[in-house]
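Asks: Mind having a look at this structure? Questions to follow.
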Amino acid sequence: MTKGLNGWIRVLVMVLALVVIVNSSLSEEYLSVRNQINLFQLSIEKVIVALMMTLVIINAEIDLSVGSMMGLSACAFGWLFQETSLSAEWAILVCLIIGMLGGALNGVFVAYAGLPSLVVTLATLIGFRGLARVLVEDRGITDFPEWFDAIGQTGLIGPVPFSLFAFLLLFAGLYVVLHKSGFGRKTFVIGTSRDVAVFAGIDTARHKMILFIGSGMVSAFAGLLYAARVGAVRGDVAFGFELDIITMVLLGGVSIFGGVGSMFGTLMAILIVLNLRNGMALLNITGHIQTGVIGVLLITSVIATRLDLGRFRLRKENAG
Amino acid sequence: MCEPLLRLENVTKRFGMTTALQDMSLDIFSGEVHAIVGENGAGKSTIIKIMTGIHQTTEGRLVIDGTARNISGARAARDIGIAAIYQEPMVFPDLDVAENIFISARSGWFLNQAQLHAEAQRLLGRIGIALDSSSIASGLTLAAQQAVEIARALSQDVRILIMDEPTASLSAHEAKQLRKVARTLAEEGVAVIYISHRLEEIFDIADRVTVIRDGIHISTRPIGDVTSEGMVSEMVGRDVGNYFVKAPSTVTSNSLLRVEHLTREGIFSDISFDLMQGEVLCMAGLVGARRTDVALALFGINPSSSGQIFYKGRQINPSCAREAMDAGIAYVSEDRRKLGLAMPMSLRSNVSLATLRSFVGRWGFLDQSLERMTALEYRDRLNIRAPDVELSVGMLSGGNQQKTMLAKWLRMKPDVLIFDEPTRGIDIGAKAEVHALIREFVANGGGAIVISSDLPEVLAMGDRILVMREGRQMGIVNSTETGQETIMRLATGQASVEAA
């Protein structure tokens with residue numbers, strides 16, 4: 618979109634290269650296929666949701682309820698499997714429908730009632746999580762069918778699991794949607810200025826509705842992947858995931874004010890976060906410090922965006 | 014008047030590769046109203062920004078009271094006594110008038126509230142403005158907010174007051190009052206630098222006029238030695254023969270749009286008119302006449318509550334912009350920044366904005382090469398000065414932004430185009446081009462509704478003129494049989510005529 622974003626993405630590519638070089642000098646195991654798949658596997662649910670979140674934030678909205686929706690979907694699956702006679706296949710379908718309805722609930726309040734998404738999805742963050750806890754209470758539900766666990770735990774083709782394919786497929790799909798389609802263009806325009814979009818005859822409410830439904834469904838799907846990978850669900854599945862997800866998206870250069878961002882930037886940010894954590898784990902650096910380092914990166918990205926905004930304003934004035 | 018208060022000496026300002034000002038020298042004396050005129054992009058804003066410390070000179074220097082000074086920032090400018098007011102007043106909406114005036118006063122000022130208000134009243138009195146110092150700023154008119162800004166400058170012992178297009182958003186009456194304030198200040202010894210696109214204002218107020226073009230000083234003359242034509246041709250560097258010359262009418266007898274008793278409860282009522290094919294119908298009125306609200310009702314943004322709209326004889330009832338656009342009605346907003354253009358996005362994306370559907374092929378793919386070709390075509394046709402269509406429109410000048418907005422709507426090929434203040438704040442060259450585009454549009458079978466506060470423009474552009482006042486239709490007059498006085502009398506409610 619803008620020179621500033623491209624500049625930031627170049628920085629991200631360099632940071633990624635640096636991380637990869639340092640990591641491979643630390644450990645021979647690092648570049649092995651097994652380790653590379655493993656570092657993806659450990660956060661696969663988050664990174665899948667981050668892809669969809671990119672579109673939501675570019676559209677100048679936010680969805681804080683994604684972590685709770687992942688939890689709700691996983692718990693609903695466990696509950697349906699244990700308490701009803703529904704087969705696992707049907708339970709999956711029901712969970713995806715729950716994601717759709719949950720997203721639609723967010724969408725109605727944001728797009729049609731005009732409430733700020735920060736507040737609406739904060740409310741559903743609490744609501745969805747509450748529902749998840751009601752469903753499973755204090756139990757852990759396990760003993761899912763073998764084929765279901767296998768989706769999350771074994772390779773689909775060779776050692777590459779289904780979830781990684783799902784991630785790549787979703788990335789490719791959303792890349793085309795955001796950067797090559799009319800829908801993507803509208804996402805940028807509405808994110809830049811909703812009023813300009815309204816005056817150009819764009820149905821902004823419908824657009825936001827679609828994005829929130831998409832966000833809900835992707836979250837529900839990611840919740841199911843979590844259940845399959847871990848082989849068990851509890852009330853606190855994916856608790857607090859929304860912050861890691863939003864961090865990755867913003868690190869990728871997406872502006873929290875909307876209108877600026879790219880799928881490639883988010884992908885770079887995801888790769889950096891995963892490889893950085895992996896490398897620090899190889900160095901026996903604790904999780905808290907890992908989180909701190911990523912925090913520093915995030916602040917840098919926000920400052921970079923700010924500087925870009927300032928430069929843009931300056932140029933605009935020069936023209937007049 | 015021998016020693017200038019402020020002197021620019023051979024000032025050059027470059028931004029990267031572009032030169033905004035070239036060897037500019039200018040003297041400003043205390044007690045004078047000094048008008049600076051020039052097309053958009055001529056360098057007026059850069060001069061202001063150098064004087065107010067936002068930009069620093071690349072070469073040359075500023076001399077204040079005979080000594081070379083460096084204005085390092087807004088604070089330094091204020092300490093010297095330089096203040097600027099703009100078209101959009103900068104007031105804090107939730108504070109009252111007195112608090113706004115003394116917003117940056119040191120704490121020593123706040124002896125007590127009564128004294129604060131008394132001092133505010135004194136400052137307002139000095140510029141002859143009757144305003145309650147305890148009113149909340151957000152409830153004030155634009156004109157009153159500007160008065161607050163001027164009073165704020167006075168409270169800081171202003172010696173040089175820069176007024177940048179201060180009257181662009183004001184009604185004729187308010188503008189006149191503001192000019193009187195500027196005159197009063199000059200008589201008290203303040204140097205007033207006045208920037209305006211309205212030439213008649215310059216003749217009304219200025220002592221001296223400086224013309225700049227492409228960052229170069231062209232002339233500085235006493236107002237008595239200047240003619241309107243001479244000034245315009247110096248500004249554009251060529252003779253503008255057809256500025257505000259009436260084009261031949263192309264009105265036909267086919268009705269495109271028929272509006273009957275259109276009302277929006279509490280906003281406007283009983284608006285009725287016919288728009289013919291080939292006609293330019295102007296809407297005149299003062300600020301608060303609710304002309305834009307009528308336009309927004311026709312465009313479906315704020316639907317009317319009663320009355321009928323007939324489009325080519327068929328009744329329509331648009332409840333959103335899309336429905337109006339599907340019928341064939343387009344609206345070019347007056348607010349480029351908020352409603353018209355996605356400023357950070359490219360010229361290409363903005364030109365295709367209203368017709369995005371036509372660029373989307375099977376499976377929802379956007380045909381970006383067709384989009385690019387279209388943008389290039391319209392850039393050349395409308396003479397939009399941009400080296401490439403991938404450039405963000407925020408970087409273009411006001412006139413070129415305006416033409417980009419027109420391109421966006423002309424691409425839709427509407428039958429009825431509503432222009433809301435299409436030439437506000439753009440330079441004379443671009444104005445003439447916009448006028449020609451509107452004329453070309455109606456000559457090709459369209460019908461245009463032009464909302465404008467510029468009376469000479471209204472008389473030159475319009476075939477008929479609908480005058481509104483406070484949400485009511487005061488009359489429709491034929492532009493060939495009427496003058497500015499008649500329109501002003503209607504707009505101020507001193508007369509009314511039966512709707513034609």
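Protein sequences appear in the order of chains A and B.
Just so we're aligned, residue 618 is where the first sequence starts under the numbering used here, counting upward by one.
Just so we're aligned, residue 14 is where the second sequence starts under the numbering used here, counting upward by one.
Where is the CB? At the ideal position from N, CA and C, for every residue including glycine.
Quick caveat: nothing in here was measured; it's all calculated off a predicted structure.
(1) Checking contacts by CB at 9 Å: is G377 (chain B) closer than that to chain A?
(2) Who are the near neighbours of A48 (chain B) in its chain, counting only those whose CB is closer than 6 Å to its CB and skipping five residues on each side?
(3) So with CB distances below 7 Å, who are the chain A contacts of R335 (chain B)?
(4) Can you pull the DSSP bridge partners for S405 (chain B)?
(5) Taking C-beta pairs closer than 9 Å, name the residues in chain A that M338 (chain B) reaches, listed in chain order.
(6) Which chain B residues sit within Cβ distance under 7 Å of K797 (chain A)?
(7) What span of residues does the beta strand (DSSP E) with M425 (chain B) cover, start to end?
(8) Using a Cβ-Cβ cut-off of 7 Å (strictly less than) and excluding sequence neighbours within five positions of Y843 (chain A), which residues of its own chain qualify?
(9) Counting C-beta neighbours from all protein chains within 10 Å, is the total for L860 (chain A) 16 or more, i.e. buried, or is it exposed?
(10) On the DSSP bridge assignment, give the partners of V76 (chain B) in chain order.
(11) I want to see whether chain A comes within less than 9 Å of G353 (chain B), judged by CB atoms only; does it?
(12) So with Cβ pairs under 9 Å, would you call P179 (chain B) a contact of chain A?
(13) Tell me which residue opens and which closes the beta strand (DSSP E) that F286 (chain B) is part of.
(14) What residue does the beta strand (DSSP E) around P235 (chain B) start on, and which one ends it?
(15) Determine whether the Cβ of G876 (chain A) lies closer than 9 Å to any Cβ atom of chain B.
(16) Is it buried or exposed, E494 (chain B), if we count other Cβ atoms within 10 angstroms and call 16 or more buried?
(17) What do you get for Y324 (chain B), buried or exposed, if any count of 16 or more other CB atoms within 10 angstroms of its CB means buried?
(18) Could you work out which residue in A:R846, A:L643, A:V815 and A:D766 is closest to Q658 (chain A) when comparing CA atoms only?
(19) Decide yes or no for the touch test of the stretch 168-182 of chain B against the stretch 91-107 of chain B: beta carbon pairs closer than 8 Å, at least 3 of them.
(20) Please compile the residues from chain B whose C-beta is within a distance smaller than 9 Å of the C-beta of D861 (chain A).
(21) Reducing DSSP to helix, strand and coil, say where F312 (chain B) ends up.
(22) Taking contact to mean 3 or more Cβ pairs, one atom from each stretch, closer than 8 Å, check whether the stretch 776-790 of chain A and the stretch 700-716 of chain A are in contact.
(23) Just confirm the distance between the C-beta atoms of F281 (chain B) and G484 (chain B), as a whole number of angstroms; I'd bet it's less than 8 Å.
(24) Within the same chain, show all residues whose beta-carbon is closer than 6 Å to that of L137 (chain B), passing over the 5 residues directly before and after it, in chain order.
(25) Sort B:E470, B:D107, B:V239 and B:D78 by Cα distance to A445 (chain B) and report the nearest one.
(26) Can you tell me whether L299 (chain B) is helix, strand or coil according to DSSP?
(27) Which residue comes first and which comes last in the beta strand (DSSP E) that contains S268 (chain B)?
(28) Pick from B:V402, B:G86, B:D78 and B:H448: whose alpha carbon is nearest that of I61 (chain B)?
(29) Would you tell me roughly how many angstroms separate the C-alpha atoms of L360 (chain B) and G228 (chain B), rounded to the nearest one?
(30) Is there a Cβ from chain B that is less than 9 Å from the Cβ of V628 (chain A)?
(31) Shorter than 9 Å from the beta carbon of K933 (chain A) to some beta carbon of chain B?
(32) In chain B, what lies closer than 9 Å to K825 (chain A) by C-beta?
(33) Report the rounded CA-to-CA distance for V455 (chain B) versus V264 (chain B), giving the unit in angstroms.
(34) Exposed or buried, V737 (chain A), counting other C-beta atoms within 10 Å across all chains shown (16 or more means buried)?
(35) Roughly how many angstroms separate the alpha carbons of V723 (chain A) and I758 (chain A), rounded to a whole number?
(36) Which residue spans inside the stretch 174-233 of chain B form an unbroken beta strand (DSSP E) run of at least 3?
Replies: Considering the structure as presented:
(1) Interface residue, yes.
(2) Cβ within range, chain order: Y207, I215, A219 and V222.
(3) Residues of chain A passing the Cβ test: G818 and D820.
(4) The partner list for S405 (chain B) (beta bridge, DSSP) reads B:S359.
(5) At a beta-carbon threshold of 9 Å, the residues of chain A lying near M338 (chain B) are A817 and G818, ordered along the chain.
(6) In chain order: F378 and L379.
(7) Careful: M425 (chain B) lies outside any beta strand (DSSP E) and carries neither H nor E.
(8) Around Y843 (chain A): E662, M687, A691, V854 and A855.
(9) Taking a 10 Å sphere around the C-beta of L860 (chain A), we find fewer than 16 other C-beta atoms and assign the residue as exposed.
(10) V76 (chain B) is bridged by DSSP to B:R20 and B:A81.
(11) Interface residue, yes.
(12) Taking Cβ atoms only, chain A never reaches closer than 9 Å to P179 (chain B), which makes this a no.
(13) In this chain, the beta strand (DSSP E) harbouring F286 (chain B) covers F281 to M289.
(14) P235 (chain B) -> beta strand (DSSP E) spans I229 to P235.
(15) Interface criterion met: the Cβ of G876 (chain A) is under 9 Å from a Cβ in chain B.
(16) Counting Cβ neighbours within 10 Å, E494 (chain B) comes out exposed, since fewer than 16 surround it.
(17) Y324 (chain B) should be labelled buried.
(18) With respect to the C-alpha of Q658 (chain A), the residue from A:R846, A:L643, A:V815 and A:D766 having the closest C-alpha is A:R846.
(19) With a cut-off of 8 Å on Cβ pairs, the stretch 168-182 of chain B is in contact with the stretch 91-107 of chain B, counting three or more such pairs.
(20) Under the 9 Å cutoff, chain B gives no residues; its nearest Cβ is about 28 Å from D861 (chain A).
(21) Annotated three-state conformation of F312 (chain B) is coil, per DSSP.
(22) No, because fewer than three Cβ pairs between the stretch 776-790 of chain A and the stretch 700-716 of chain A fall closer than 8 Å, the two stretches do not touch.
(23) Going by Cβ atoms, the distance from F281 (chain B) to G484 (chain B) rounds to 4 Å, so yes, they are a contact pair.
(24) Here the set comprises L144 and A164.
(25) The residue from B:E470, B:D107, B:V239 and B:D78 with its alpha-carbon nearest to that of A445 (chain B) is B:E470.
(26) Reduced to three states, the DSSP call for L299 (chain B) is coil.
(27) According to the DSSP assignment, S268 (chain B) belongs to the beta strand (DSSP E) that extends over S268 to R277.
(28) The option with the nearest alpha carbon to I61 (chain B) is B:G86.
(29) Straight-line Cα distance between these residues: approximately 25 Å.
(30) Interface flag for V628 (chain A) against chain B is unset, since no Cβ pair is found closer than 9 Å.
(31) No answer about K933 (chain A) holds up, because its pLDDT of 35 lies below 50 and its placement is not dependable.
(32) What K825 (chain A) touches in chain B: nothing, since even the nearest Cβ is about 15 Å away.
(33) Counting only the Cα atoms, V264 (chain B) lies some 8 Å from V455 (chain B).
(34) Buried, because 16 or more other Cβ atoms sit within 10 Å of the Cβ of V737 (chain A).
(35) Residue 723 (chain A) is actually Asn in this sequence, not Val. Each residue's Cα considered, the two are about 28 Å apart.
(36) You should have 204-208 and 221-226.
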